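Novice:
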Amino acid sequence: MPDIIKLLPDSVANQIAAGEVIQRPASAVKELLENAIDAHADDIRLIIKDAGKTLIQVVDNGCGMSETDARMCFERHATSKIKTANDLFHIRSLGFRGEALASIAAVSQVELKTKRDGDSLATSIIIEGSELKEQGPASAPEGTSISVKNLFFNVPARRKFLKSDTVETRNIIEEFTKIAIVTPRIAFSLFFNNKQLLNLPKANARQRIINIFGNAYNQRLVPVEQKSDMLGISGFICKPEFARKTRGEQYLYVNGRFIRHAYLHHAIESAFHELIPSDAVPGYFLYLEIDPKDIDVNIHPTKTEVNFLNSQAVYALLRNAVKQSLGRFNITPTLDFDDKPIDIPYFPKSKEINIPGIRINPGYNPFSDSSEKNTGDESLANRPGSIEWEQIMHHTEELGITQSGDEATKPFLQPSGEETSGQEKNFESQNFIQFRGRYIFTPVKSGMMVIDQHLAHKRILFEKYMELLGSGRQSSQQELFPVVIPLSPQNFMTFEEIREDLLHLGLTAEDFGNHTVIVKGTPDNLPEPDVRTYIENVIEQYKQFTVDLKTDKRTGVAMAMASKTATRYGKVLKKEEMQSLVSRLFACNVPGTSPSGRRIISIFTEEELTQRFKA
Ligand code: ADP
Ligand code: MG
0 MPDIIKLLPD SVANQIAAGE VIQRPASAVK ELLENAIDAH ADDIRLIIKD
50 AGKTLIQVVD NGCGMSETDA RMCFERHATS KIKTANDLFH IRSLGFRGEA
100 LASIAAVSQV ELKTKRDGDS LATSIIIEGS ELKEQGPASA PEGTSISVKN
150 LFFNVPARRK FLKSDTVETR NIIEEFTKIA IVTPRIAFSL FFNNKQLLNL
200 PKANARQRII NIFGNAYNQR LVPVEQKSDM LGISGFICKP EFARKTRGEQ
250 YLYVNGRFIR HAYLHHAIES AFHELIPSDA VPGYFLYLEI DPKDIDVNIH
300 PTKTEVNFLN SQAVYALLRN AVKQSLGRFN ITPTLDFDDK PIDIPYFPKS
350 KEINIPGIRI NPGYNPFSDS SEKNTGDESL ANRPGSIEWE QIMHHTEELG
400 ITQSGDEATK PFLQPSGEET SGQEKNFESQ NFIQFRGRYI FTPVKSGMMV
450 IDQHLAHKRI LFEKYMELLG SGRQSSQQEL FPVVIPLSPQ NFMTFEEIRE
500 DLLHLGLTAE DFGNHTVIVK GTPDNLPEPD VRTYIENVIE QYKQFTVDLK
550 TDKRTGVAMA MASKTATRYG KVLKKEEMQS LVSRLFACNV PGTSPSGRRI
600 ISIFTEEELT QRFKA
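Residue numbers for the sequence shown follow numbering that gives the first Met the number 0, beginning at 0 and rising by one.
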């Protein structure tokens, strides 16, 4: 038998390595931007076409390369950044493995133009699937321009597994953002399909964050600054009231490198303990400086994972620094969260105070044996989370609630008193009591029905929105004085993704350039008076629903809009508003549960109430 083991040709080895380093357009973006930073550029342009599938180009004004280096840089393990194994413990540059360009060139068509300061001519190179196609002198400004075309053109399996343009674009923006945040001294501009999405001038750290995420961040950021022999910590945390339920603005860096580190993330989160709800995540932009010999960045090809020699000490220092900042800026707990409402007094000052009374049913005889006919209903209360809908629907009949389709599209706050159908009349005699701006109580045959007003409205709007999105009809909308709203680039891209759908739901907004939108109409009766916060909330919710709950786009849009447009807890409702709300709730297909699965209706059975008065 002959020997069978052979060394792989470089082109194959490079393609295998590319599998680890270059997984998607965003990974190539990261590597190219890092190279430009390592080349000490202070002006970097990123140009993207078709979510990076057609073109990723990075143009920098850094140190450039000689003719020989320009050819060498595409070889595997070719790097100018380290020379000996010992250098691995003193890494200051972002790159050091010398495999990014080799990997990129193995799976795409690359055009490189580069010129050093003082050289008279630039070098131009074209390389496709690791194969050199052209090399020669060219004219170009100082610095380097690398164009990566048709990524994975020769690896169809990879290309097929790329996500939709929106998802890949989102990933690119995220990689870009991670880098731009920590390099405020470098000017960046970002182009998507020939449109400039972002222009970041040179700035300080705070200004850079504001330029990326919008002016609103100016008030949100609290500085963190602490130095010890072992570790320097600087940057910002976001005030606790801006903590979100989606992971978003969590940016942690070591020596200028973005890292993922669950343990250190926990250190930061634990400093916020009791200042934010347990399911919310604080925002932060924190930069750690540590002696390179105290960390190991060479544990993963993408270099986003880092081992700390003394991670417990880093944990303690980081937690302490964040706590001190929170203390210094006198940040006290706030619980102003949408779904965890504060207890708002339910009598406005202007309102006449009536002596509370209980309406009683004079015909009701507590001693009559009524439990028999209600046996079926007991199960409703005894099994939390599983309401039997046939039973609930049975109550709707006694409420005299109409179930016509028209009810579902009637605006919630429109009183229904005008109508005089037999059923309406019956319904109007129904008693409703609002409790603490949160619950609506109404008696039904088997006991006392309690409805969560916010969740009920959410369900109503959700079904209405799903219908509108399905039919392509446009909802009527209120025209308002146009409001210009700068969004973070991520939120802007998400907004672009769902803009058409929002239009159908009465939210009219257009691209106003530089990741800003101009809003011309919003749905009626917004619970949030500030249009900007409203829009940001809708986008955040949409991201959360589509990412965490993995809903499809349409459901995500309907859910996000419903949850941010629904009337809030604390809103005092008039009797006819309660009537309309309950009537529209029961006209829904699924009146019992909110779109995200929370219970809307609960019944205290007569049995249960009687039980409470037993000796
Ligand atoms: P690494 O960054 O790990 O060294 P790369 O494959 O990314 O490996 O790059 C190889 C080499 O090419 C770098 O070490 C650097 O010398 C050179 N290089 C790459 N990009 C640039 C650039 N934009 N400007 C100047 N030199 C560059
Ligand atoms: Mg590199």
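The C-beta atom is built at its ideal place from N, Cα and C for all residues, glycine as well.
What you are looking at is a predicted structure, and each value in this text was computed from that prediction instead of being measured.
Is G255 helix, strand or coil when you go by DSSP?
Specialist: Residue state, collapsed to three classes: coil.
Novice: How big is the Cα-Cα spacing for L285 and V223?
Specialist: The alpha-carbon atoms of L285 and V223 are separated by roughly 8 Å.
Novice: Measuring alpha carbon to alpha carbon, tell me which residue in P183, F434, A215, R169 is nearest L618.
Specialist: Residue 618 lies beyond the stretch modelled for the chain, which goes from 0 to 614, so this question has no answer here.
Novice: Should N34 be listed as close to the ligand MG, given that the test is whether its C-beta is under 7 Å from any heavy atom?
Specialist: Under cutoff, so the answer is yes.
Novice: Count the other CB atoms within 10 Å of the CB of T609; is the residue buried (16 or more) or exposed (fewer)?
Specialist: So T609 counts as exposed.
Novice: Using CA atoms only, rank isn't needed, just tell me which of K574, V313, L263, I497 is closest to K554.
Specialist: Correcting the residue identity first, residue 554 is Thr in this sequence and not Lys. Taking only the C-alpha atoms, the option nearest T554 is I497.
Novice: Give a yes or no on whether the C-beta atoms belonging to V556 and F511 are separated by under 8 Å.
Specialist: Going by C-beta atoms, V556 is not nearer than 8 Å to F511.
Novice: Can K302 and R256 be called in contact, C-beta distance under 8 Å?
Specialist: Contact: yes.
Novice: May I ask you to check if the CB of M64 is nearer than 7 Å to at least one heavy atom of the ligand ADP?
Specialist: For the ligand ADP, at least one heavy atom lies less than 7 Å from the Cβ of M64.
Novice: Between A16 and A101, which are expected to be in contact by the criterion C-beta below 8 Å, what is the C-beta distance as a whole number of angstroms?
Specialist: Confirmed, Cβ separation roughly 7 Å.
Novice: Can you give me the C-alpha to C-alpha distance between N198 and I517, rounded to a whole angstrom?
Specialist: If you take the alpha carbons of N198 and I517, they lie about 19 Å apart.
Novice: Hey, quick one: how far does the alpha helix (DSSP H) through Y314 stretch, first residue to last?
Specialist: 310–327 is the extent of the alpha helix (DSSP H) around Y314.
Novice: CA-CA distance, Q14 and E495?
Specialist: Their backbone Cα atoms lie some 35 Å apart in a straight line.
Novice: In its own chain, which residues sit with a C-beta less than 7 Å from the C-beta of P8, not counting the 5 before and 5 after it?
Specialist: Here the set comprises nothing.
Novice: Using DSSP bridges, identify the partner residues of K48.
Specialist: Bridge partners of K48: L54.
Novice: Helix, strand or coil for T67? Go by DSSP, reduced to three states.
Specialist: Helix, per DSSP.
Novice: Is the beta carbon of H586 sitting closer than 8 Å to the one on P526?
Specialist: For the sequence presented, residue 586 should be read as Ala rather than His. Going by C-beta atoms, A586 is not nearer than 8 Å to P526.
Novice: What is the DSSP secondary structure of R472, reduced to helix, strand or coil?
Specialist: Looking at R472 - three-state DSSP - the assignment turns out to be coil, as it is neither helix nor strand.
Novice: For F544, collect the residues of the same chain with a Cβ closer than 7 Å to its Cβ; drop the 5 residues on either side in sequence, then sort them by chain order.
Specialist: The answer, listed in chain order, is T550, G555, M558, A559.
Novice: Who does R243 pair with in a DSSP beta bridge?
Specialist: Note: R243 sits in a beta bridge opposite V280.
Novice: What alpha helix (DSSP H) runs, 4 residues minimum, are completely inside the stretch 98–144?
Specialist: Complete alpha helix (DSSP H) runs here, min 4: 99–105.
Novice: Report the partner residues of Q433 according to the DSSP bridge assignment.
Specialist: According to DSSP, Q433 bridges with I439.
Novice: Between the stretch 16–35 and the stretch 94–112, do at least 3 Cβ pairs fall closer than 8 Å?
Specialist: With a cut-off of 8 Å, the stretch 94–112 and the stretch 16–35 count as touching, because enough Cβ pairs lie within range.
Novice: Please classify I3 as buried or exposed, where buried requires at least 16 neighbouring CB atoms within 10 angstroms.
Specialist: When all chains shown are included, I3 counts as exposed.
Novice: Consider the C-beta atom of G128 and the heavy atoms of the ligand MG; say whether any pair is separated by less than 7 Å.
Specialist: Every heavy atom of the ligand MG is 7 Å or more from the Cβ of G128, so no.
Novice: For the beta strand (DSSP E) holding N192, just list the boundary residues, first then last.
Specialist: Premise fails: N192 is in no beta strand (DSSP E) and is neither H nor E.
Novice: Compute every distance between the C-beta of G94 and the non-hydrogen atoms of the ligand MG, then say whether any falls below 7 Å.
Specialist: It does: the Cβ of G94 is within 7 Å (strictly closer) of some heavy atom of the ligand MG.
Novice: Taking only three categories from DSSP, how would you classify F411?
Specialist: Since pLDDT at F411 reaches only 32, below the 50 mark, its modelled position is unreliable, and no value is offered.
Novice: Between the Cα of R23 and those of S79, K148, L506, spot the shortest distance and give me the residue it belongs to.
Specialist: Measuring from the Cα of R23, the nearest candidate turns out to be K148.
Novice: Quick check: the stretch 156–168 against the stretch 66–86, are there 3 or more CB pairs under 8 Å?
Specialist: Taking 8 Å as the limit for Cβ pairs, the verdict is that the stretch 66–86 does not touch the stretch 156–168.
Novice: What's the gap between the Cα of F88 and the Cα of K112?
Specialist: If you take the alpha carbons of F88 and K112, they lie about 32 Å apart.
Novice: At what residues does the alpha helix (DSSP H) containing M558 begin and finish?
Specialist: Looking at the DSSP string, the run of the alpha helix (DSSP H) that includes M558 is 552–564.
Novice: Taking the beta carbon of D547 as the centre, do at least 16 other beta carbons fall within 10 Å, making it buried, or is it exposed?
Specialist: D547 should be labelled exposed.
Novice: Taking the alpha helix (DSSP H) that T609 belongs to, which residues open and close that run?
Specialist: 605–611 is the span of the alpha helix (DSSP H), which, as asked, contains T609.
Novice: With DSSP as the reference, please indicate the residues paired to P222 in a beta bridge.
Specialist: Paired residue(s): F235.
Novice: To which residues does DSSP link I659 through a beta bridge?
Specialist: Any answer about residue 659 is impossible in this case: the structure gives the chain only from 0 up to 614.
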